Each structure stands twice: as structure tokens, then as C-alpha cells.
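Scroll down for the structure; my scribbles are underneath it.
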Amino acid sequence: MNEVALRTVQVMQYKMPLREGGSLPALALADDGFNYVIKFRGAGQREKALLAELLGGEIARFLGFKVPELVFARLDPAFGQTEGDEEIQDLLKSSQGLNLGLHFLSAAVNFDPAADAVSSELASAVVWLDAYITNVDRTFRNTNMLMWHRELWLIDHGASFIFHHTWENWEKHAKSPFPLIKDHVLLPRAGELEKADEKFRQLLNPEALWNIVQSLPGEWLEAMGETGAMEDWKQVYMDFLLLRLKHSETFLNEAQHARKALV
1 MNEVALRTVQ VMQYKMPLRE GGSLPALALA DDGFNYVIKF RGAGQREKAL LAELLGGEIA
61 RFLGFKVPEL VFARLDPAFG QTEGDEEIQD LLKSSQGLNL GLHFLSAAVN FDPAADAVSS
121 ELASAVVWLD AYITNVDRTF RNTNMLMWHR ELWLIDHGAS FIFHHTWENW EKHAKSPFPL
181 IKDHVLLPRA GELEKADEKF RQLLNPEALW NIVQSLPGEW LEAMGETGAM EDWKQVYMDF
241 LLLRLKHSET FLNEAQHARK ALV
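Position 98, counted from 1, in the sequence shown is what full-length UniProt numbering calls 98; the numbers after and before it change by one each time, with no gaps.
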């Protein structure tokens, strides 16, 4: 199976901040001529948010979801020195080096749960994915999905893999039911969770997961400030993913019970 190989682009022009959430992502032009939504390593959760974004996004892509292309976005030390906003200038200064970009989907609109139709099959698949990667941020308040050319696209997985904010008891987190799934925006429509579980348990395999984990940049892993070797942290992510998949019935049952309480 081919390795996950993200392209690397150079950020050329900071266009505008996207003031949604606390991480201050921005729309920027890269040297390949395309616009990207840049997630900065100097923001809020720093490199851990980028690691989660990459892992969650590429797992979603492997499973067949529509996800904007992810690229490594490099910022030179001189970038942003002319920025007038002090908060943004500080963010850019602390984000020198490798950041993460999502291809900008021009004219895409935020998913509206009251107006946009999503099949039970697709809703179930998204709920399963988010329970698997412990994504806390796909709620009615912040759906983190876009409609583009009448298709559903998944964005913003930086709030996933919540275990890596402490690294303690990762095995316990891997086997957890993830009760926060009760707040998922698509849970009321997710009537085929068992089918999603069966499908994705067959699709996800150690080789595919390892290829995704291997794409995590050492620059981000080493910057976390944790003790241990880079390969050790990759192995923890890998072990977490395999163990959570093995115990998928735990979060599957939690999602089913939460849905029954809603409908």
C-alpha cells in the first residue's frame, strides 16, 4: 500500500484571518497558486492540534469521506513581519517552520442541519468516524462540515485524539465509550451505525493506519515537549488506533444508546 505523502507548499501571502474558534486559522496563498486554510502550530493547542488534524483527516479520506487536500505549509522567519495586527503577528512568529494547510473550497457553505439533507448511511459513517477518533467538535454549535457542489465535506479534526493532551492512560481512552458523542450534530440521523462499524472494521487495517501515522512530521512530534523518542510517540498513536478499533463495540453501543435518547 502506498504511503501517505502530503505535498509541501510555501506560504506566500497572508490574506485574511478566519476568526472561528480560538486557533485563528487564516486564508493564505501558496507558491503553487492555490489558496489554503492554514492551521498554525503557534495557535492554542500548538502541534498537537496539527497532529490530530492530519491523523483525523487522512483516516477520514482513507475511509472514503470527502476531505479537502491536506498539505504541509511552510512559513519563513520573515513571513508576516508587515502584519499590522499584533495578535496575528505574534501567531505568525511562533509558527515558523512547518504548518498544515487545507485546500480552500471556494464558495463552499457551512453545513446547516436544518436545511441540508444527509442520508442515514452517511450520517452513521460520520458519527462512527468521530467516535473512533474521539472528535469532540462536530456539534450543532460548530458542525465542522461544508457543503460544496451539493456534497458533504469534512473539515477540522484538530480536536480529536483528546488522549494526547496528557498521554496518561491512553489504553483507557482507547477503550472508552466516548460519551460526548451524544452532542454530535448527525447523531439523530445515524440509523445505520452497525453497518458503518462492520464496514470500517473491515477497511481499516494495520498497514493503512501505519502509513498514516508514519506521515506525522518529526518536527511536530519533537516540539510537543514530551520525553521520549519520535518513533515512540508514533507507536502510541498506532497502538491507540488499533486498540480502539478492536473495542469499537464500546463506542458503537454508546452512540446507539445516545441516539435512542434523542429519537
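Ideal Cβ placement from N, Cα and C applies to all residues, glycine included.
Please read all numbers here as calculations on a predicted model, not as lab measurements.
Could you tell me whether the Cβ atoms of Glu219 and Leu98 are closer together than 8 Å? yes
Specify whether the segment 169-182 and the segment 88-96 touch according to this definition: at least 3 beta carbon pairs, one from each stretch, less than 8 Å apart. Segments in contact, no.
Nearest neighbour of Ala107, chosen from Ala30, Ala131, Asn35 [CA to CA]: Asn35
Counting along the chain, where does the beta strand (DSSP E) carrying Leu100 start and finish? 97-103
At which residues does the beta strand (DSSP E) containing Asn35 begin and terminate? 35-39
Of the residues Met230, Ala255, Leu216, Leu203, which one's Cα is nearest the Cα of Ala190? Nearest option by C-alpha distance: Ala255.
Is it right to say Leu146 is buried, meaning 16 or more other beta carbons lie within 10 angstroms of its own, or is it exposed? Its Cβ being crowded by 16 or more others within 10 Å, Leu146 is buried.
Given a threshold of 16 other Cβ atoms within 10 Å of its Cβ, counted over all protein chains shown, does Pro206 qualify as buried or as exposed? exposed
Tell me which residues share the same chain as Pro77 and place their Cβ nearer than 6 Å to its Cβ, disregarding the 5 neighbours each side in the sequence. Gln96
When the Cα atoms are used, what is the spatial distance from Glu47 to Arg41? If you draw a straight line from the Cα of Glu47 to the Cα of Arg41, it is about 5 Å long.
Between which two residues does the alpha helix (DSSP H) holding Ile259 run? The question names Ile, yet the displayed sequence has Arg at residue 259. Residues 248-262.
Who are the Cβ neighbours of residue 265 in its own chain at under 8 Å, not counting the five residues just before and after it? Nothing in the structure corresponds to residue 265, since the chain is present only between 1 and 263.
Buried or exposed for Glu87, please, with buried defined as at least 16 other CB atoms from any protein chain shown within 10 angstroms of its CB. exposed
Rounded distance between the beta-carbons of Tyr14 and Ala30, thought under 8 Å: The Cβ separation is near 11 Å, so there is no contact.
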